[in-house]
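Remarks on the structure that follows.
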Amino acid sequence: MPLILGKAEFLNPGGSVKDRVAVKIIEEALESGQLAQGGVVTEGSAGSTAISLATVAPAYGCKCHVVIPDDVAIEKSQILEALGATVERVRPVSITHKDHYVNVARRRALEAKELASKNRKVDQMDAKDLVQVNGFTSEGDEQNSVFSSDCKGGFFADQFENLANFRAHYEGTGSEIWEQTGGKLHAFVAAAGTGGTVAGVSRFLQEKDPNIKCFLIDPPGSGLFNKVTRGVMYTKEEAEGRRLKNPFDTITEGIGINRLTQNFMMAELDGAFRGTDKEAVEMSRFLLKNDGLFVGSSSAMNCVGAVRVAQSIGSGHTIVTILCDSGMRHLSKFYDAQYLAQHGLTPTATGLEFLGLQ
Ligand SMILES: Cc1ncc(COP(=O)(O)O)c(C=O)c1O
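Numbering (UniProt numbering), first residue to last: 1 to 358.
Dropping the structure here:
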């Protein structure tokens, strides 16, 4: 029998694996001077990272402004606002569009920085002057009314490209898995959103023991499976920027992507599996009934991946995965019977027969 271990990241204070990332991003930004107390951390996030940033930012004397697509479960924005963050819901568009939520978040950081420099009245800003944040320049095309007049600058957290994300998992998640298993594990598997988790953990574990196999589990609509298994991300038609990511590609949230991020590129992977929405839904109900675990869609997909890895490497192995967040954040879709029925995803399994197991 294989042993599957789930690292219970949903128990973190901010409720997800992203707490580590939020802490690391803010600490590195403060250390480098790119963020100051009283400044605003902005992020374009489909939820968890934003919730973690909103949770930890006040402890560093900072504020949090979040931009998310308006098709994300409503309870996520409600939590953010309750935590004191400001939230902007925008329509989902391609990453190449200037109003993609990630691009809006980047722009907001620039606006906050411009506002702070005006407030300091250092120099009257010349119209030609451009302010730089994380290497990007402002086009100065937007108003800055979303921030208070005493704002002390802005920093774009940039979880997809900021390697503080990778480092949080390399130094934290990866080393904890190593310590908590006493180095006695054979494989690790996780889905990727930014790729920070799978990259940081796989790098750390493979440096400790090159025999540990690391895998990706990829949801529908994501190009990463192709990238890992065939070296090609997508067909021309599927390339991000050419197509609008269809919100019905997958019911899972926070995982799956059609571009290569700096964080994902740090991963050391031995292979990849594909998981379906139906498998993720069935797995979540299996975990509920058999393990008393109420987990979110990405955690369920990760457990699908763990079974796939177990089937591929054979019995007698220990496989580790991540339980990223709780089912509490997924009530309006993943745990909503009506929504599932509308999408042909009503769970029917009594065991793990949906993965070919009796
Ligand atoms: C709920 C949830 N699970 C999993 C992930 C994927 O983790 P990573 O971004 O480290 O690849 C995310 C990322 O946004 C997420 O929000």
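For each residue, glycine too, the CB sits at the ideal point set by N, CA and C.
Are there 16 or more other CB atoms within 10 angstroms of the CB of residue i, so buried, or fewer, so exposed?
{"i": "Ala127", "result": "For Ala127, the predicted model reports a pLDDT of 47, less than 50, meaning its position is unreliable; a value from the coordinates is still stated below. Its Cβ having fewer than 16 others within 10 Å, Ala127 is exposed."}
{"i": "Thr350", "result": "exposed"}
{"i": "Ala337", "result": "exposed"}
{"i": "Ala82", "result": "exposed"}
{"i": "Ile26", "result": "buried"}
{"i": "Asp19", "result": "buried"}
{"i": "residue 365", "result": "Because the chain in this structure spans residues 1 to 358, residue 365 falls outside the shown range and cannot be described."}
{"i": "Gln342", "result": "exposed"}
{"i": "Leu357", "result": "exposed"}
{"i": "Asn165", "result": "buried"}
{"i": "Ile74", "result": "exposed"}
{"i": "Gln206", "result": "buried"}
{"i": "Pro13", "result": "exposed"}
{"i": "Met266", "result": "buried"}
{"i": "Asp123", "result": "Only weak support exists for where Asp123 lies, its pLDDT of 46 falling under 50; the value from the coordinates is given anyway. Exposed, because fewer than 16 other Cβ atoms sit within 10 Å of the Cβ of Asp123."}
For residue i, report the span of its beta strand (DSSP E) as first-last.
{"i": "Phe188", "result": "Ala187 to Ala190"}
{"i": "Asp218", "result": "Lys213 to Asp218"}
{"i": "Ala272", "result": "Gly271 to Arg274"}
{"i": "residue 359", "result": "Because the chain is modelled from 1 through 358, residue 359 falls outside the range shown and cannot be assessed."}
{"i": "Thr86", "result": "Thr86 to Val90"}
{"i": "Val320", "result": "Thr318 to Leu323"}
Is the separation between the beta-carbon of residue i and that of residue j shorter than 8 Å?
{"i": "Thr252", "j": "Ser284", "result": "no"}
{"i": "Val189", "j": "Thr276", "result": "no"}
{"i": "Ile217", "j": "Val304", "result": "yes"}
{"i": "Ala272", "j": "Phe215", "result": "yes"}
{"i": "Thr346", "j": "Leu340", "result": "yes"}
{"i": "Lys7", "j": "Leu323", "result": "yes"}
{"i": "Ser45", "j": "Asp325", "result": "no"}
{"i": "Asp291", "j": "Lys213", "result": "no"}
{"i": "Arg89", "j": "Ser77", "result": "yes"}
Since residue i is in the alpha helix (DSSP H), which residue starts that stretch and which ends it?
{"i": "Cys64", "result": "Segment Lys63 to Pro69 is the beta strand (DSSP E) holding Cys64; no alpha helix (DSSP H) there."}
{"i": "Gly196", "result": "Gly196 to Lys208"}
{"i": "Val307", "result": "Ser297 to Ile313"}
{"i": "Phe286", "result": "Asp277 to Asp291"}
{"i": "Val21", "result": "Lys18 to Ser32"}
Whole angstroms are fine: how far does the CA of residue j sit from the CA of residue i?
{"i": "Gln34", "j": "Leu352", "result": "49 Å"}
{"i": "Ala199", "j": "Ile255", "result": "14 Å"}
{"i": "Met125", "j": "Ala116", "result": "Here the model assigns Met125 a pLDDT of 49, short of 50, so the residue's position is not dependable, and the following value carries that caveat. If I take the Cα positions, the gap works out to 12 Å."}
{"i": "Gly316", "j": "Ala306", "result": "14 Å"}
{"i": "Glu43", "j": "Val72", "result": "15 Å"}
{"i": "Cys62", "j": "Val87", "result": "15 Å"}
Do residue i and ligand 3 come close, with the Cβ less than 7 Å from some heavy atom?
{"i": "Thr197", "result": "As far as ligands go, the structure on display features ligand 1 and does not contain ligand 3."}
Can you find a C-beta in chain C that's less than 8 Å from the C-beta of residue i?
{"i": "Ser312", "result": "The chain labelled as chain C is not found in the depicted structure, where only one protein chain is given."}
Touching by the beta-carbon criterion (3+ pairs, under 8 Å), the segment 305 to 317 and the segment 1 to 17
yes
Are the segment 97 to 112 and the segment 60 to 68 touching by the rule of at least three beta carbon pairs closer than 8 Å?
yes
When you compare the segment 148 to 163 with the segment 173 to 188, are there three or more beta-carbon pairs, one atom per stretch, that lie closer than 8 Å?
no
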